[in-house]
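Colleague: Take any residue in the sequence shown, count from 1 to its spot, add 28: that is its number in the working numbering.
Positions of the beta carbon are idealized from the N, C-alpha and C atoms, including for glycine.
Only a predicted model underlies this, so the values are computations on that prediction, with no experimental measurement involved.
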Amino acid sequence: MKIKICGLKDKTNLAQVTLLRPDYLGFIFHPLSPRYMAHTMFPADLESIPGTKTGVFVDSDFNEIDTQVKQYKLDAIQFHGNETPAFCEQFSGKGQTLIKAFSIDEGFNFNTVRDFSFCDYFLFDTKGKYKGGNGTAFDWQLLSKYNQEKPFILSGGISDENIDEVLNLKGMNIHAIDLNSKVETSPGIKNIEKIKHIISKLKSHHEL
């Protein structure tokens with residue numbers, strides 16, 4: 029199970045996080061987000077960092093995404109809004125990993141994801157007031173309704189306090205966990221000790 033640290037916006041904190049070697053680093057390009065990073069980090073700041081550099085976009089237009097992908101040399105694109113399959117598929121075959129996020133509640137129809145089969149991964153997040161970063165977990169048992177054909181990233185309220193519950197989920201095709209607001213000291217500033225604790229739990233689990 030891989031780790032994605034999302035919502036980074038501070039250069040010093042980014043340096044601390046990269047020392048932990050997460051698999052994915054998420055940068056939010058949505059101006060309304062408190063974790064918007066385009067004013068605090070520049071392309072040069074992301075040049076030599078390890079991990080898959082992931083740009084998170086919310087209903088941005090094609091040119092905006094294309095520009096940021098090229099400027100920041102992003103390895104992955106995460107569509108976290110109401111983007112259509114046709115829109116997202118325009119980015120297929122360009123070299124970036126494609127991730128489509130879905131907001132999950134009891135009424136979510138998992139058949140919806142079929143139209144995005146060209147994406148490399150799905151991301152299942154909690155449906156809430158904001159497009160991500162709500163800090164609450166959805167009922168993970170709802171994932172039993174998903175056919176598990178495509179690996180997914182689990183997001184929404186994952187913390188050092190409930191990581192054991194995630195690790196105990198059975199029959200789930202979880203590619204990675206997405207850590208954001210529950211491992212922060214303030215929006216965009218990650219708590220290194222909490223992340224270390226989660227990484228330790230993951231390592232112990234895989235050694236069993």
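1. Below 8 Å on the Cβ atoms is my contact criterion, and I expect T95 with Y52 to pass it. Report the Cβ-Cβ distance as a whole number of Å.
2. For E134, which residues from the same chain have a beta carbon less than 8 Å from its beta carbon, with the 5 sequence-adjacent residues on both sides left out?
3. Look at P179 and P62 and say whether their C-beta atoms are less than 8 Å apart.
4. Distance check for F115 and L126, CA to CA, integer angstroms please.
5. Relative to the C-alpha of L151, which candidate in Q106, H225, I191 has its C-alpha closest?
6. Restricting to runs no shorter than 4 residues, where is the alpha helix (DSSP H) found entirely within the region 201-227?
7. Starting from C34, trace the beta strand (DSSP E) in both directions and tell me its first and last residue.
8. When DSSP labels each residue in this structure, what does A129 get in the three-state scheme?
9. If we ignore side chains and look at the alpha-carbon of each, how far apart do K229 and D192 end up?
10. Is the beta carbon of F136 closer than 8 Å to that of F144?
11. Going residue by residue through the region 30-67, where are the continuous alpha helix (DSSP H) segments of at least 4 residues, counting only ones entirely within it?
12. With the cut-off set at 8 Å, would you say G185 and T213 are in Cβ contact?
13. Grouping DSSP H, G and I as helix and E and B as strand, with all else coil, what is T95?
14. Looking at K37: is its Cβ nearer than 8 Å to the Cβ of T68?
15. Identify every residue that forms a DSSP beta bridge with F152.
16. What would DSSP say about T82, mapped onto helix, strand or coil?
17. Beta-carbon within less than 6 Å of V141's beta-carbon, same chain only, minus the 5 sequence neighbours each way: which residues are those?
18. Terminal residues of the continuous alpha helix (DSSP H) containing I191?
19. Do you know offhand how far S232's Cα is from D89's?
20. What separation, rounded to the nearest whole angstrom, lies between the Cα atoms of I33 and P50?
21. I need the straight-line Cα distance from E111 to N91, nearest angstrom please.
22. Indicate the three-state DSSP secondary structure (helix, strand or coil) for F90 in the structure shown.
Modeller: To lay it out plainly:
1. By one-based count along the sequence shown, residue 95 stands at place 67. By one-based count along the sequence shown, residue 52 stands at place 24. Incorrect: roughly 21 Å between the Cβ atoms, too far for contact.
2. Taking the first residue of the sequence shown as 1, we reach residue 134 at position 106. Cβ contact annotation for E134 (same chain, cutoff 8 Å, sequence separation greater than five): D167, L170, in chain order.
3. Position 151 of the sequence shown, counted from the first residue, corresponds to residue 179. Position 34 of the sequence shown, counted from the first residue, corresponds to residue 62. P179 places its beta carbon 8 Å or farther from that of P62.
4. In the sequence shown, residue 126 corresponds to position 98, counting from 1. In the sequence shown, residue 115 corresponds to position 87, counting from 1. Distance between the alpha carbons of L126 and F115: 12 Å.
5. For the purposes of this step, residue 151 is taken as residue 123 along the sequence shown, with counting starting at 1. Closest option to L151, Cα to Cα, is Q106.
6. none
7. As a working mapping, residue 34 is identified with position 6 in the sequence shown. C34 -> beta strand (DSSP E) spans 30-34.
8. The residue you call residue 129 lines up with position 101 of the sequence shown. Strand, per DSSP.
9. Taking the sequence shown and counting its residues from 1, the one referred to as residue 229 is at position 201. Taking the sequence shown and counting its residues from 1, the one referred to as residue 192 is at position 164. C-alpha separation (whole angstroms): 8 Å.
10. Indexing the sequence shown from 1 puts residue 144 at position 116. Indexing the sequence shown from 1 puts residue 136 at position 108. Taking 8 Å as the Cβ cut-off, F144 and F136 do not qualify as a contacting pair.
11. 39-46, all fully within the region 30-67.
12. Locating residue 185 in the sequence shown gives position 157, where the first residue counts as 1. Locating residue 213 in the sequence shown gives position 185, where the first residue counts as 1. No, they are not a contact pair.
13. Here residue 95 corresponds to residue number 67 of the sequence shown, with the count starting at 1. Reduced to three states, the DSSP call for T95 is helix.
14. Start at 1 with the first residue of the sequence shown, and residue 37 comes out as number 9. Start at 1 with the first residue of the sequence shown, and residue 68 comes out as number 40. In contact: K37 and T68 (Cβ atoms closer than 8 Å).
15. The residue labelled residue 152 in the question sits at position 124 within the sequence shown. Paired residue(s): F130, L182.
16. In the sequence shown, counting from the first residue as 1, residue 82 sits at position 54. Residue state, collapsed to three classes: strand.
17. Position 113 of the sequence shown holds residue 141. Taken in chain order, the residues that qualify are F150.
18. Residue mapping note: residue 191 aligns to position 163 of the sequence shown, counting from 1. Looking at the DSSP string, the run of the alpha helix (DSSP H) that includes I191 is 191-195.
19. Numbered from its first residue, the sequence shown carries residue 232 at position 204. Numbered from its first residue, the sequence shown carries residue 89 at position 61. If you take the alpha carbons of S232 and D89, they lie about 42 Å apart.
20. Here residue 33 is taken as the residue at index 5 of the sequence shown, counted from 1. Here residue 50 is taken as the residue at index 22 of the sequence shown, counted from 1. Between I33 and P50, the C-alpha separation is close to 7 Å.
21. Position 83 of the sequence shown, counted from the start, is the residue given in the question as residue 111. Position 63 of the sequence shown, counted from the start, is the residue given in the question as residue 91. Going from the Cα of E111 to the Cα of N91 covers about 14 Å.
22. Numbered from its first residue, the sequence shown carries residue 90 at position 62. Reduced to three states, the DSSP call for F90 is helix.
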